[in-house]
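Read top to bottom, the protein sequences are chains W and U. In this note's numbering, each residue carries its 1-based index in the first sequence increased by 1321. Residue -3 in this note's numbering sits at position 9 of the second sequence, with consecutive numbering throughout. Where a beta carbon is used, it is the ideal one built from N, C-alpha and C, also for glycine.
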Amino acid sequence: MRLVAHNMLQCHVKGCNSNNFPLQLSNVEIEIQETDFNPMFLRNILPKLEWNALVKTALQINITTLPNVLPDTSTDDLDDEFLKMLHRVLLETHIQQGKMICPNCNHVYAIKDGIPNMLLNENET
Amino acid sequence: MSRPEHKAPPEIFYNEEEARKYTSNSRIQSVQAEMSLRALELLNLPEDETCFLLDIGCGSGLSGEILDEEGHIWIGLDISPSMLQIALDREIEGDLFLQDVGQGMGFRPGTFDGAISISALQWLCNADQQSHNPKARLVRFFSTLYASLRRGARAVFQFYPENDDQCELIMNAAMRCGFEGGLVVDYPNSKKAKKYYLCLFAGQIPGGQKQQIPQALGEGEEEPTDVIYSNQRFEKRKQRKSVKNRDWVLHKKEVARTRGKKDVPSDSKYTGRKRRPKF
Ligand SMILES: C[S@@+](CC[C@H](N)C(=O)[O-])C[C@H]1O[C@@H](n2cnc3c(N)ncnc32)[C@H](O)[C@@H]1O
Ligand SMILES: [Zn+2]
């Protein structure tokens, strides 16, 4: 799972509707998988990101390249260096193994071979 | 014809062997590709944009592959571990989630620019466990899907409805959750080529034109002419298939540049290569 997906994901246990984002990473294994740089996609996704959550999550896995405050996305001239750094974090950083834990209900979503297990128990649906 | 969804729950039906057989069957490959392209066309995405899409019941990636080829970034959800394992082996680009979409999903509001689902929706109408209530599962599914879509975004489902009641059950659930839209039936008079696409709008595009249910293909024809249905569309697909090679990427970049696009990545020795170094 790439970090861009993690940034979009909140707990979906029924009734768990607040404080359910971001899911906390625990015991994770990270892998970098390179892919073509696509500035157009980054511009599309930037306004949808929860920046604070991204910074916090990145720090948990020792990525310190993100600025604390998101540069102004309304202007078109985000520089290439920034976008390339963002590309590396969002689209090339994969969580391969480990767990994600809901900060609200403590549900544990296990990640195996890069695939998070989002299945719920019957009493959670 | 016996329906697979009557035989066993999806995660059991699509076991290792069936998942392998399904994915390696060349007829299935081309039918799924064809329907995925059609679904993508019905999504009506802004031209030349890289979108963030969802593939519901993505299986081994036959449908998601088309999203890759068209240059989109996507997340795929599936309940069958065996299908997902094959998707991993085939190194498709999308993020994969092991998920029962009847339990709903947890994407933040407005995450996706569109969603497709190819040959999966009919599975949701079954009660595979005693606790399963298809209607409640459909409502949970559609309501969480609606929330995850950008306002005005579309969700297009190619599916195999069992009968009119099932269509109605699905439509009612979708409308109850706020979706607009309806059914597009391509080649309605052809036994072989007839295909159902449920085309849903998550509201209207702010400031945009009111969305209309798209026109079906081949209405009034007995059988699709080869040209429209297989040849031409299949040829297109074959061209697209080369996306993973370097020449194709270089070509596409060149086209983008001549169209005057900025931001086209510069060519390097890595262009068009599959790269997965570890650190
Ligand atoms: C015929 S396959 C299609 C796969 C892929 N979309 C394609 O075009 O090849 C149907 C898929 O739907 C999945 N499916 C069925 N019920 C599901 C559910 N409740 N949640 C998620 N996936 C489901 C199955 O596991 C299977 O992989
Ligand atoms: Zn929770």
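### Query
What residues from chain U crowd round residue 1441/W, counting only those whose CB sits closer than 7 Å?
Within chain U, the residues near residue 1441/W are 91.
### Cβ-Cβ separation, residue 72/U to residue 1436/W (assumed contact under 8 Å), whole Å
Rounded, the Cβ-Cβ distance is 6 Å, consistent with contact.
### Message
Would residue 50/U and residue 21/U be called neighbours here (beta carbons separated by less than 8 Å)?
### Response
Yes, they are a contact pair.
#### Entry: chain W contacts from the region 132 to 143 of chain U (Cβ-Cβ distance under 9 Å)
Flagged, chain order: 132, 136 and 138.
### Query
Looking at the unbroken alpha helix (DSSP H) that takes in residue 1403/W, where does it start and where does it end?
First-last of the alpha helix (DSSP H) with residue 1403/W: 1401 to 1412.
### Message
Using DSSP's beta-bridge definition, name the partner residues of residue 187/U.
### Response
Answer is 144/U and 170/U, bridged to residue 187/U.
### Task
If I'm right that residue 129/U touches residue 157/U with Cβ under 8 Å, what's the distance once you round it to whole angstroms?
Actually they are not in contact, since the Cβ atoms of residue 129/U and residue 157/U sit about 12 Å apart, beyond 8 Å.
### DSSP state of residue 10/U mapped onto helix, strand, coil
It is helical.
### Message
Please tell me whether residue 1406/W has its Cβ less than 8 Å away from any Cβ of chain U.
### Response
The C-beta of residue 1406/W comes no closer than 8 Å to any C-beta of chain U.
### Beta-carbon neighbours of residue 1326/W, restricted to chain U and to distances below 7 Å
Here the neighbours are 63 and 83.
### Query
Is there at least one non-hydrogen atom of ligand 2 closer than 7 Å to the beta-carbon of residue 1334/W?
At least one heavy atom of ligand 2 is nearer than 7 Å to the Cβ of residue 1334/W, so yes.
### Task
Using a Cβ cut-off of 8 Å (strictly closer), state whether residue 119/U contacts chain W.
Yes, its Cβ sits closer than 8 Å to a Cβ of chain W.
### Query
Excluding five sequence neighbours on each side, which residues of the same chain lie with their C-beta closer than 6 Å to the C-beta of residue 122/U?
Correct list, in chain order: 113 and 115.
### Message
For residue 262/U and residue 1355/W, I'd like the C-alpha separation in whole angstroms.
### Response
Note on residue 262/U: pLDDT 49, under 50, position unreliable in the model; the coordinate value appears next. Near 8 Å, if we compare the C-alpha coordinates of residue 1355/W and residue 262/U.
### Task
State yes or no: is the C-beta of residue 1428/W nearer than 7 Å to some heavy atom of ligand 2?
Residue 1428/W Cβ: within cutoff of ligand 2.
### Task
Identify the continuous beta strand (DSSP E) that holds residue 64/U and give its terminal residues.
Start and end: 61 to 66.
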